[in-house]
Amino acid sequence: MATSCWRLSLVFLLIETLLGLPVDRHEKQEEKCGYQSCHATKAAMLNVHLVPHTHDDVGWLKTVDQYFYGDRNDIQHAGVQYILDSVVDQLLKNPERRFIYVETAFFYRWWSRQSADTQRTVKQLVNQGRLEFVNGGWCMSDEATTHYSAVIDQMTLGLRFLNQTFGSCGRPRVAWHIDPFGHAREHASMFAQMGYDGFFFGRVDYQDRYRRMLAKEQELLWRASDSLSPPMADLFTGILPNGYNPPEGFCWDQSCDDPPIKDDPDLEDYNVDDVVERFLNITNSQSLVYKSNHIIMTMGSDFQYENANLWYKNLDKLIHYVNARQSNGSRVNVLYSTPSCYLQELHRANLSWVLKTDDFFPYADDAHDFWTGYFSSRPALKRYERLSNSNLQTCKQLEVLGGRTSTRGLFGEGNSLTLKRAMAVAQHHDAVSGTEKQHVANDYARRLAKGWQHCQVVVSNSLAALSGSTAKRVYCDSLNVSVCPVTESNKFSVNIFNPLARPVSWPIRLPVNGTAYTVSDAEGKSVDCEVVPVSQTTRDMRRNRGFAVNELLFQAWAPPLGFRTYSVSLLQDGPPPAFTHYRTPKSIWNKYLRVTFDPETGLLSSLENMETKQSISLTQNFYWYNASDGNNSKSNQPSGAYIFRPNSSTPFVISNTAKTESIRTSVMQEVRQWFAPWASQVVRLHADSRVLELEWTVGPIPIDDDLGKEVITRLDTDIKSSGIFYTDSNGREVLQRKKDFRPTWHLKQSEPIAGNYYPINSRAFIKDDEDQLTVVTDRSQGGGSIHNGSLEIMLHRRLLYDDVRGVAEPLNETSDVFPDGLVVRGRLLLSLDRPASAADAHRPLAEEMVLQPLLTFTEGDLHPNTRLEFSGLQTALPPAVHLLTLSQWHDEVVLLRLEHQFQSSESKTNSEPVTINLQKLFSTLEVVGVSELNLSANQWKEEMERFHWTPQTGEKPPKKTFKDPSTWEVTLRPMEIRTFLLRTNLR
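Residues in the sequence shown are numbered consecutively from 184, following the numbering used here.
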């Protein structure tokens, strides 16, 4: 069946139920939205676009609920429901007025509480362009610490609601990230692929802004991909003039102190002339640093417009009195506007724009104030968010594979929606970033936990349907500290579900009390396994939450998009086995890697890849920077949740030596290192692994010396990196970083450590002509290459002072389990490869770290008719292709995203186009219809049209179109993500 046939036959299903695309035949012709609703401008004048707006954080100083209802005003006066009530009322009083809204998480909640009459009124405002949505995601996501898959999900969630509710008039034309603390190139690339015409933000490095103001380059064309053919990832980008605040002296919110416009000439305080003169002066000054005869002013700020009458009454007067000067020769024209209307005028100007190809990290707002601390703030929350993303993808996949019984089945009713919304909220720029108050961070974690509980029902129902087993499934969410009561029984099974579209081999580590076990795979074959003692560090972390003394180790295999079940039985009980040696080994090795240690210090000394005959010197240790308390003579800026400000460029080593013990088994070798009571590590090498695992544990960070500490691990090698290292952007394309350097301006470096830190979302590496050392992380972290051949990553922070950026509380995390300070555990995976082939290793490795197998357990014997192995695919996808999204969209309609996960030219074998046949993809689903969408799934791909912009280089690349071999065969090119709606039947 051809795509177009399916589109016609399902037009109402797709339009009204799935996408909400506009086909309202009763819509009044005079109602216009988007670009058609913009007020007229004057060609011979300076046009000032006033944009009324509110910035509503989806959690920060208060929780999401507290912000919506206006609770806890002792912390911050803010109530989102009252803002929307007031704005709608004021928009109705004057058709000239405009307002933009951003955070769909809040708007959805408000909308669902409105009467039918109010909803009709709001739809009219949207259809007339008087209320306009910008950005439109569930939240305004952070750009440094978010993974691209979670960003796409939260944007899809918000934009789908707007489409379903308002049709095309609800579709935002502009991306709007006015508050995030630096801007990622991958975000710009995603926004372009989502169909946005432009992107505006408020924060940019103070040196970069000054240079751009002088050169009139605050508006630019961002080429956000090295792999995608221009203009596919090109995005017009504008830097707003006042962050996202009004010009000084022109804030008329109830939270502001600026005087209103007093226009009664009989009053002594009449101030119209003064207000107009000040406004014209500001306008003229602003026009000197922008390129066209159009400028924009944001009229609003955090949680403003709760009493919208204050704003609109004064804005009405401002527009009237400033424009009245035109009769006396003034060349300034002021109007209510929106970001999209402003963008349209810039496009009509037909100018050329400076081209940018790097990103906007790191961000500093003054010489000693680098916002690079939040790259690592709240590391436990960052890990929990990443793990929740993996759980969500698995939940959505099983919701599809399990059919209708997945949401209503043997184990009750469940859904993925609760976790979708919790994950979407967690992408907010004061959530996963770690820049919220402690009680708000706790609320984000609680929401993720609640969402996972709903998804566990989906997973249990689906696995029951697919396996035929009605046994209760147990979820062990504390395996990282070796807690899982069911595995302490004499007989149990473990089901390993693999969310990747290729088979995986995964090391299993389960808490047990016996000393010998048998492990059988799905075919009944015996699997090599060993038992080792639980480390003392792990026992300390459990805090009486588990009592297993040993760990059972074996290597498991799982098919693509499927599961395999292993049976485990106790053979022998007794004391822990005697595998432990207390002297530092000279080396540990398998058939791929050899790792050596210095017997005097217990530290790593070298890493060798025996396959490629590479060897590098490698030492690794733990250090801490003494966080500035703000009493430095150069600046009073302390380290805090946002800011990283060490008071010295030389970190303190925690210990020059490590106490060690080593364990050797047939399936794994490890060296356990203790550097201090609060810092330890396990260096681990699995039998068939090409990567070295470093499992670090840090905390409680001591503060009895009244010193805040920012803990790093540093890898020092003999790689000749020349001050250059590389980091990923939101988990996708890799960018080059150079010490004390910015590609677009001459940097005056004032903070040699913090000013050289960058976000590491999933990987970083250093290389020379011969060797590349790649580090894959299990969460977003900050890091840098301060010395040649060196790579440091910040693991944990405990600070005693607030950094005066609004959160008003030091980053000093404790919990009920860890009242003396948070203990955090994580993993780094190291690979050593030739630079030309390194991506072939680190791309799938990072993919595995983000989407880990999900383990579920059943106690006792398996039912004899239980299906022990299943794959949802007919065959594994090629190494270059990643199954990014598989989600139930409607009853028989599935949302599918396929991604080419390699950049162009980074792999000799995997940087080529790949073709996939959609009808030969799934084993249990017959694909009978397909239609392609944009990245955010809110427009048909064939109907997506964006503004084209001309870079100053003079070239204006034509949009390339590539034809697929057939309706069912789709071709993916390097770094391309393609999004489809599939109509399916169960096979």
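Ideal Cβ placement from N, Cα and C applies to all residues, glycine included.
Remember, predicted model here, so these are calculated numbers, not experimental data.
DSSP state of residue i, grouped into three classes?
| i | result |
| --- | --- |
| E582 | helix |
| P686 | coil |
| Q469 | helix |
| R356 | coil |
| W740 | strand |
| S1088 | coil |
| L197 | Low confidence applies here, because L197 scores a pLDDT of 46, under 50, leaving its location unreliable; read the following figure in that light. In this structure, L197 counts as helix in the three-state DSSP scheme. |
| T997 | coil |
| S849 | coil |
| M482 | strand |
| A1019 | helix |
| R190 | Low local confidence applies: a pLDDT of 47 at R190 is under 50, so the model's placement there is unreliable, and no value is given. |
| A185 | Below a pLDDT of 50, predicted positions are generally treated as unreliable, and A185, at 35, falls in that range; the measurement from the model is reported next regardless. If DSSP states are grouped into helix, strand and coil, A185 belongs with coil. |
| P1157 | coil |
| C659 | coil |
| P668 | helix |
| H330 | coil |
| I691 | strand |
| L534 | coil |
| G319 | coil |
Over what stretch of residues does the alpha helix (DSSP H) that includes residue i continue unbroken?
| i | result |
| --- | --- |
| K950 | Unbroken run through K950 is the beta strand (DSSP E), R946 to K950; no alpha helix (DSSP H). |
| K769 | Here K769 belongs to no alpha helix (DSSP H), and DSSP marks it neither H nor E. |
| G634 | Q621 to S650 |
| V309 | A299 to N310 |
| W294 | T287 to W294 |
| A607 | L600 to A609 |
On the DSSP letters alone, give me the boundaries of the beta strand (DSSP E) that residue i sits inside.
| i | result |
| --- | --- |
| S788 | L787 to N792 |
| D417 | D417 to I422 |
| V234 | L229 to P235 |
| N492 | No beta strand (DSSP E) holds N492; the alpha helix (DSSP H) holding it covers A491 to A507. |
| Q797 | Q797 to N809 |
| Q273 | First-last for Q273: V263 to L274, but that is the alpha helix (DSSP H), not the beta strand (DSSP E). |
| A699 | G697 to S703 |
| F165 | A question about residue 165 goes unanswered here, because the residues of the chain that appear run from 184 up to 1170. |
| C1194 | A question about residue 1194 goes unanswered here, because the residues of the chain that appear run from 184 up to 1170. |
| Q964 | Q964 to G967 |
Select from the options the residue whose C-alpha is nearest the C-alpha of residue i.
| i | options | result |
| --- | --- | --- |
| W359 | I335, A333, V317 and D440 | V317 |
| V1111 | K276, E1075 and E315 | E1075 |
| M1158 | E1152, S1088, L340 and R1170 | S1088 |
| V714 | P694, R726 and F730 | P694 |
| V182 | K245, D485, T420 and A841 | One cannot answer for residue 182 here, as it falls past the ends of the chain, which runs 184 to 1170. |
| V285 | K842, K903, R897 and L267 | L267 |
| Q1102 | R1166, R1156, T1133 and N346 | R1166 |
| D380 | L1078, M480 and F419 | F419 |
| L1066 | T910, C659 and N681 | N681 |
| E876 | L423, S818, R920 and Q803 | Q803 |
| G586 | A648, L868, G242 and N1100 | A648 |
| I691 | S788, C667, S513 and D449 | C667 |
| G483 | D441, Y504, N256 and S513 | D441 |
| P1148 | S616, S672, N1100 and R296 | N1100 |
Residue i and residue j look like a contact to me (Cβ under 8 Å); what is the Cβ gap, rounded to whole Å?
| i | j | result |
| --- | --- | --- |
| P926 | D417 | The Cβ separation is near 17 Å, so there is no contact. |
| D951 | N939 | About 19 Å separates the two Cβ atoms, so there is no contact after all. |
| Q1181 | G421 | The structure shown does not extend to residue 1181, since the chain is modelled only from 184 through 1170, so no value can be given for it. |
| M323 | P363 | 7 Å |
Inset, instruction - Mind the definition here: the region 518–537 touches the region 957–967 only if three or more C-beta pairs lie below 8 Å; say whether that holds. - result: No, because fewer than three Cβ pairs between the region 518–537 and the region 957–967 fall closer than 8 Å, the two stretches do not touch.
Legend entry - Inter-stretch contact at 8 Å, needing at least 3 Cβ pairs: the region 882–895 / the region 790–800: Under the Cβ criterion (8 Å, minimum of three pairs), the region 882–895 does not count as touching the region 790–800.
Inset, instruction - Please determine if the region 1028–1044 and the region 563–578 are in contact, where contact requires at least 3 C-beta pairs separated by less than 8 Å. - result: yes
Inset, instruction - Could you tell me whether the region 1089–1107 touches the region 1041–1049, using the rule of 3 or more Cβ pairs below 8 Å? - result: no
Legend entry - the region 297–317 in contact with the region 249–262 per 3-pair CB rule at 8 Å: no
Inset, instruction - Say whether the region 218–230 touches the region 597–604, bearing in mind that this needs 3 or more beta-carbon pairs closer than 8 Å, one atom from each stretch. - result: No, the region 218–230 does not touch the region 597–604.
Inset, instruction - Could you tell me whether the region 695–707 touches the region 834–854, where touching means 3 or more Cβ pairs closer than 8 Å? - result: With the cut-off at 8 Å, the region 695–707 and the region 834–854 do not touch.
Legend entry - the region 382–393 contacting the region 896–908, beta-carbon criterion three pairs below 8 Å: no
Inset, instruction - Could you tell me whether the region 740–747 touches the region 768–776, using the rule of 3 or more Cβ pairs below 8 Å? - result: Flag = no, the region 740–747 and the region 768–776 do not touch.
Legend entry - Inter-stretch contact at 8 Å, needing at least 3 Cβ pairs: the region 729–745 / the region 818–833: no
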